[in-house]
Structure formats: C-alpha cells, structure tokens
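Report on the structure given below.
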Amino acid sequence: MTVEQATATAPKGGDKRMKMLDTAMRRQQFQADALLEVLHAAQELYGFLSPEVLLHIGRSLKVPPSRVYGVATFYNHFSLKPKGEHTCTVCMGTACYVKGGGEILDAVRKEFALSKGETTTRDGKLSVVVARCLGACGIAPALVFDQEMVGGLTPQTAVARARRWTP
Amino acid sequence: MTSESLEQIAERRQAARKALRCRISVCSGLGCESVGGEAVLRKIRERMKEEGVAEESEVYPTCCRGLCQRGPIVEVEWIEREERRRHLYLDVDAEKADRIARSHAREGGPPADLPSHAEDPFFTKQTRIVLANAGEIDPEDIESCIAGGAYSALQKVLTEMKPGEVIHEITASGLRGRGGGGYPTGLKWSTVAKEQGAKKFVVCNGDEGDPGAFMDRSVLEGDPHEVLEGMAIAAYAVGAEQGYVYVRAEYPLAIKRLRAAIKQAERLNLLGSHIFDTGFNFRVDVRTGAGAFVCGEETALIASIEGNRGAPRPRPPYPATSGLWGHPTLINNVETLANVPAILQNGSAWFASIGTAKSKGTKVFALAGQIRNTGLIEVPMGITLREIIYDIGGGIPEGRRFKAAQTGGPSGGCIPAQFLDLPVDYESLQQVGTIMGSGGLIVMDESSCMVDVAKFFVEFCREESCGKCIPCRTGTVQIHSILDRITRGKGELEDLDRLAELADLLRNTSLCGLGQTVPNPVVSTVRYFREEYMAHVVERRCPAGVCPMPGTARAAAPAQASGVSP
Chain E
2 MTVEQATATA
12 PKGGDKRMKM
22 LDTAMRRQQF
32 QADALLEVLH
42 AAQELYGFLS
52 PEVLLHIGRS
62 LKVPPSRVYG
72 VATFYNHFSL
82 KPKGEHTCTV
92 CMGTACYVKG
102 GGEILDAVRK
112 EFALSKGETT
122 TRDGKLSVVV
132 ARCLGACGIA
142 PALVFDQEMV
152 GGLTPQTAVA
162 RARRWTP
Chain D
577 MTSESLEQIA
587 ERRQAARKAL
597 RCRISVCSGL
607 GCESVGGEAV
617 LRKIRERMKE
627 EGVAEESEVY
637 PTCCRGLCQR
647 GPIVEVEWIE
657 REERRRHLYL
667 DVDAEKADRI
677 ARSHAREGGP
687 PADLPSHAED
697 PFFTKQTRIV
707 LANAGEIDPE
717 DIESCIAGGA
727 YSALQKVLTE
737 MKPGEVIHEI
747 TASGLRGRGG
757 GGYPTGLKWS
767 TVAKEQGAKK
777 FVVCNGDEGD
787 PGAFMDRSVL
797 EGDPHEVLEG
807 MAIAAYAVGA
817 EQGYVYVRAE
827 YPLAIKRLRA
837 AIKQAERLNL
847 LGSHIFDTGF
857 NFRVDVRTGA
867 GAFVCGEETA
877 LIASIEGNRG
887 APRPRPPYPA
897 TSGLWGHPTL
907 INNVETLANV
917 PAILQNGSAW
927 FASIGTAKSK
937 GTKVFALAGQ
947 IRNTGLIEVP
957 MGITLREIIY
967 DIGGGIPEGR
977 RFKAAQTGGP
987 SGGCIPAQFL
997 DLPVDYESLQ
1007 QVGTIMGSGG
1017 LIVMDESSCM
1027 VDVAKFFVEF
1037 CREESCGKCI
1047 PCRTGTVQIH
1057 SILDRITRGK
1067 GELEDLDRLA
1077 ELADLLRNTS
1087 LCGLGQTVPN
1097 PVVSTVRYFR
1107 EEYMAHVVER
1117 RCPAGVCPMP
1127 GTARAAAPAQ
1137 ASGVSP
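These protein sequence lines map, in sequence, to chains E and D.
If you read the first sequence in this note's numbering, its first letter stands for residue 2, the second for the next number, and so on.
If you read the second sequence in this note's numbering, its first letter stands for residue 577, the second for the next number, and so on.
Here it is as structure tokens:
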C-alpha cells in the first residue's frame, strides 16, 4: 500500500479505537520520544499495526513515517500483520530449548500445516509464534495459550491443547 | 508524609500480625501461578472463612519462593508457646490446600502427613538479601512491604546522610554490577555524581534478555518497592530527580506490579516531591521494551527510552557523562539496585563480610535445564558450582551425568565437569572462559549436544543483532552457517580454524557487547568439548544423538557420557 492510499483509507472519527489511541497519545503530550509507548498502546487496541495506524501515529507525534516504520519493524514485539484469533506462543529460551521446546514447536507447526515463514493458519484461527524467553525457565518447556502460561508440556500435550481451539 | 507515619504503619501492621492465629502466604511467582497458585490462594481463603477464622488469619500472595518445580508453595506461620513456628508446603493442590487450611484453623498446626520442607537444603544453603522478603510480604500491598522494612533505608539516607556518604558506603561495600559486567557500583555512582548539569537521570535496566534468566522478573514481581527504594537512594546520591525503569514487554505481570507499586508509593509520598519532608524530589516512570535483546546494552537502552530503534552507539562518551537526551545518566541493573537498601540499612561492613575478596555479597541465579530443583536461588559469592548443582539443585534427574553448566546467556560460555569445584565469582568464571552474566544458569546433561547448544546461541545473536556494525551483522551469519554445516554432518576440519578466526574478529571489532561476546559460547565449547566437534566433523556422528547427521536417525540412542573419545 502506498502512502497516498493509506492516507485515503485512514480511519475516520467513527472508530472508537482511534479515539482511544488519541487519548493514549495525549497522555504522552504527543512527545516524539513516547513512540514506543504509543505503538504498544496501538497494538493492544488493534492487535497489529496497520499502515494507516502507523501513519496516523507519525502525523500526531510529528515523526517521519520512515522512523515510525523503522521502529515498528525493529522490535520483535510489534506485528505488522494481523494475528490469528488465538495465539500459541512457544518459548525457545535456553532452558525450554534443552528441555525439548524445539520438538514442541515442530510438532505444533506440523499439526497445523504451517509452512516455513507462516505463523497463522489459513482460517485465521491460530497463530503459532516463538518467544525468545518468557522467563518461565523454572517450569520449562513453557508455552502460552493466549494469556495462560502452561509449563512442563510434551509435543503431544501441547498439540492437544492447541486443538481445543480448532477442533 | 512525616517520618513518624512510616514507623506507625510498620508498627500497626506488625501489631496486627501478632494478634493473628496464623499467616498463610501463597507464592504468586510466575511458576506457581501457572500451576494453579491462584486457585490454591482462593481455596485457602474460602476455607478460612468457612471455619470462621478469616478475621484471625492473614492469607496473602507473596513473592517467588524459588522452587518453581515444586509449586504451588504455601507457607504457614503461627505462634506456639511464644515461639514463632513456620511450616512450608510444596506441591500444594486444591485438595491439599483445603486440608492445610482446615488443620491450621481447627488444630492450630499442620496436618500430620505433610512434613515441612523449610529445612530442605534447597532453602538452608541459600543466603538471601535481594530475595529476603519472600514469604514475608505481599508485593501488591505497600503497607505489608513497609512492615517488612521497605523505605526505612531511604528514610535513613534522606534524613541522616549526605550524598557523598551514601556513595562512600556503596563503594566500601564492594557491590558490583549484577547485570553481568561486574563494574564497581560505587565508582559508577561517583562518576555520575561528579558530573555538572542541572538534569540527571537514574535508569533501572530491567531488559533481562538472556534466554534462561528470570531473576529480574522475579525481583520486580516479588518486591518492586525494594527496587524503587534502591533507585531513590541512587538518585539522591547522584543528584537525579527523574528515574526510568525499562522492563521487557514479555513481563506483563512485572510491569503491572511495578506500576501499582509506583502509584502506592506516590500516594504515601515515598516517591514524588519533598520525600520525607526533605528537599529531595524523585519521580519514576516505567518504559516498556518491545522484544529486542540488544536493548540490554546501555546505549541501546537509552536510544529505546528516547523512542528510537535500539541501536547502540560507540562509547565514550559513556552514559555517565552523556546519556538520556545528552544528560548524565546512571544505569544500574535491577538486582544491583535491589541490594542497595539492605547495604545502607545494615552497613557496608556487613555486606562486605559476605562473599570473596573481590566479589562481595550474594548473587541470584535462575537455575534451569536438566536439574531436579529448577527455580530461583540466591547464594553467597564464592560458593562452588557443585554446591549449587548438587546440594541446592538436587543433582541431575534420571541418573544421567552432568555435562556442562552454561552461565551468562548468549554472552557466556559453558563450564565442563572438571570445574565443578570452581568458586562462583566474577574473576573465577572469567578465567574459565565464561562470565557471571545476569544470573542464568542452565545445567546440561549428556543428552545435550554442545555443538547444537553453541549453534542455538549464535542463532539467537544472529536474529538479535541490530545490524548497525558489520562484524556483528555478517559475522553472526557466518559463524552460524559454519555451525549449521557441522551439525548437518557437512563440516570440515578447517571449519574449526575458521570459527577461531571469526571469533577473534567479532570480539575485537564489534561495536557493542552483543557482538563482542557472540564468540563466547563457541570458543568455550570448542575449548572444552573439542572431541565432540571432532566427532561431528571427522566421524560424521553426533555423540549426543541430537544433530540430524546423514545416515543416522534423528535422536538415535542417547549417547555415552561427555568427552566421548572418537
């Protein structure tokens, strides 16, 4: 999408979320250095960062689109693509890795037929993502199903849990 | 708030405690939460209410007790014949929780079939300064923290000491940076204090990026006031009025508790303007990271707080002279700051009496991997690896043998079995080619392949390299591709020399600590597990059965012990 197109389709006043985003920016007094905090707020509201939202943030904080885009793509936490309805996060920190996190990831990806580079299933039900370390090393291997953290899983139990969402 | 009321709060809460039949704490660390800790807490509360003793007891969530493997953990404290008794329960489920609550409510003691684990070596072998409040306080209730001593050191500092004296105490204590580098904290503080300038900042580095480390998360979740108090003392010492805590986005609970703690402290004017009716003002804001490992590097962290990409810049100038928005900035790790209140409360001589000649105090480690007791521990500096792994950690499960301990995350190295009796301090670890690091300690047994482990860390750094300097950006890709080749059975002998050459290049020419330390896991595994590399390269065989070598099935029969001879 080009900048012109994105501007043309920029969300208008009707969307409540845009108002909430504006409130979040106002709380930061539209300071350019609050860019990360604002991106966090936007991602929480929309689930991902669309070009329109990025441009809107850039205009509001008086930051060039290149920098907004640069920051949004630099950090792993920000997603420029919409995520699935549910998210299964597999921790691949060292402790989880030595306890079989890699095998769990392989099994889940295989079960949902995700090819290389894909994170979300075709039907948009499930996203399988990797975390660098959730700090839950004490209960490794750890996974997060939406907000719920579960430890001590095996490839079979992990797949079974994810299947609950997509029977 | 006047200084009396801090003591009044503490006295009121302590007096209230004395009148209670019992106090029941339920661990609310991430490990226990994930196995039903909250349900246990609810169950105990319900049962106490049903038994009609809800008023005579205090049931509260507390900070991480450390033994994550055996959670949820419950502790009951009561007075029996004028004596303080404590009983520690492990592996508590809803049914056990119900029995525990009923027994303490009716008989005033524990159920006969549930022994206390308070005397287990896991707990008795530890020395706790940073984690001292585990079990004592409810991190979400500031009054409970004040009753446990929070902010009394700040009060002492603000009303009785000059900034110079505070720095002197920290210097005399011998405290060194717990983020990994081990830079003397007192020296850092005095550098910032000496800087001229109307505006200075204190930053708490909570960007705990090392995979396999969760000490800072536990401290921020379990005792946020300890860190805030440490920051306020540091700010007073160096002359700052604004502080930032930079926390990873992966730690939502830590962020939530920290934000709540700041609000509560502001309400009691323990943060804000004219703290303890002195001229000292200090505000703290939380900044959330967004999943970039490099942001743990101090100049990258500054860039990130300023709202930019987290790319490091050359030093000097160091942040101490030119940091946030060009102002002098003190950056300390979470655990470093958490040590500060105790040092000022008990004196530098007390702190310096713990540990070794050059490494004072304690270190918190996150014990994980192939070990019986995984969790969070705090041990005096100079303890041996053997004591940590076998006495506290309970040894390796399933009768397998210890192969290596990995410290320092992707910047550290692997310590082989021959160094099990090595004292754990900054210098000794450096001598064997690793670093203290922030405190991740991953234990590996013979089912781990060291080439694969080295590849894992290099892959991590390859992904996390910010791309600003060329040695790190392309060097990590090259090292990874060589290691990948070796693990696929396509390596050649010359590859080992190439690795050594690349390691030397990255170490000497990278811009920041990330690139400079990428070679550590590779160099240390080549040094101590050369036979294993040779088995991959010469015999096309993975002794641990991890690497998919041509002709052998993946994860074939688990191999012989470490140091397999070809």
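Positions of the beta carbon are idealized from the N, C-alpha and C atoms, including for glycine.
It should be emphasised that the depicted structure is a prediction, and the values quoted were computed from it without experimental measurement.
Asked: Assigned secondary structure, Phe941 of chain D (DSSP; H/G/I helix, E/B strand, else coil); Found: strand
Asked: Chain-ordered chain E contacts of Ser880 of chain D [CB-CB under 8 Å]; Found: Leu37
Asked: Residue range of the alpha helix (DSSP H) that includes Thr1050 of chain D; Found: 1046-1063
Asked: Within-8 Å CB hit, Val803 of chain D to chain E; Found: no
Asked: For Glu1070 of chain D, the nearest candidate out of D:Pro986, D:Thr864, D:Val1114, D:Cys1118 (CA to CA); Found: D:Val1114
Asked: Residue-chain proximity (Tyr70 of chain E, chain D), Cβ-Cβ < 8 Å; Found: no
Asked: Beta-carbon contacts of Gln840 of chain D that lie in its chain and below 6 Å, excluding the five residues immediately before and after; Found: Ile718
Asked: From D:Gly1043, D:Leu847, D:Asp1073, residue whose alpha carbon lies closest to that of Gly855 of chain D; Found: D:Leu847
Asked: Cutoff 8 Å: Cys134 of chain E Cβ touching any chain D Cβ; Found: yes
Asked: Three-pair Cβ contact test at 8 Å for the segment 153-161 of chain E versus the segment 816-829 of chain D; Found: no
Asked: Leu127 of chain E (DSSP reduced to helix, strand or coil); Found: strand
Asked: Any chain D beta carbon closer than 8 Å to Gly102 of chain E; Found: no
Asked: Buried versus exposed call for Thr983 of chain D [16 or more other C-beta atoms within 10 Å across all chains shown]; Found: buried
Asked: Neighbour-count burial assignment, Tyr773 of chain D, 16 or more Cβ in a 10 Å radius; Found: As written in the sequence, residue 773 of chain D is Gly, which differs from the Tyr given in the question. Exposed is the call here.
Asked: Sequence-distant residues of its chain with Cβ nearer than 8 Å to Ser1141 of chain D (five each side left out); Found: For Ser1141 of chain D, the pLDDT reaches just 36, beneath the cut-off of 50, and the residue's location in the model is therefore unreliable, although a value from the coordinates is still provided. Excluding sequence neighbours, Ser1141 of chain D sits near Glu1107.
Asked: Neighbour-count burial assignment, Arg1103 of chain D, 16 or more Cβ in a 10 Å radius; Found: exposed
Asked: Residue interval of the beta strand (DSSP E) (run including Val91 of chain E); Found: 87-92
Asked: Distance between beta carbons of Tyr665 of chain D and Leu690 of chain D, contact taken as under 8 Å; Found: 6 Å
Asked: N-terminal and C-terminal residue of the beta strand (DSSP E) that Trp654 of chain D is part of; Found: 650-656
Asked: Under 7 Å by beta carbon: chain D residues contacting Asp34 of chain E; Found: Glu882, Gly883
Asked: Residues of the segment 608-630 of chain D whose Cβ lies closer than 8 Å to any Cβ of chain E, in chain order; Found: Glu609, Ser610, Val611
Asked: Beta-carbon gap between Glu873 of chain D and Trp901 of chain D smaller than 8 Å; Found: no
Asked: Residues near Gly931 of chain D in its chain [Cβ-Cβ closer than 8 Å; skip 5 each side]; Found: Gly750, Gly937, Thr938, Pro956, Met957, Gly958, Asp1001
Asked: The segment 598-610 of chain D contacting the segment 754-769 of chain D, beta-carbon criterion three pairs below 8 Å; Found: no
Asked: Among E:Lys126, E:Gly118, E:Ala73, the one whose alpha carbon lies nearest that of Gln44 of chain E; Found: E:Ala73
Asked: Cutoff 6 Å; reference Cys1048 of chain D; Cβ partners in own chain excluding five residues on either side; Found: Ser1041, Ser1086, Gly1091
Asked: Status (buried if at least 16 other CB within 10 Å, exposed otherwise) for Gln645 of chain D; Found: buried
Asked: Ala586 of chain D burial status per 10 Å Cβ neighbour count (16 or more: buried); Found: buried
Asked: Candidates D:Cys1123, D:Arg662, D:Leu596, D:Arg660: closest to Ala630 of chain D by CA position; Found: D:Leu596
Asked: The segment 996-1015 of chain D in contact with the segment 783-795 of chain D per 3-pair CB rule at 8 Å; Found: yes
Asked: CB contact below 8 Å: Met555 of chain D versus chain E; Found: Outside the shown range of chain D, which is 577 to 1142, sits residue 555 of chain D, and nothing can be said about it.
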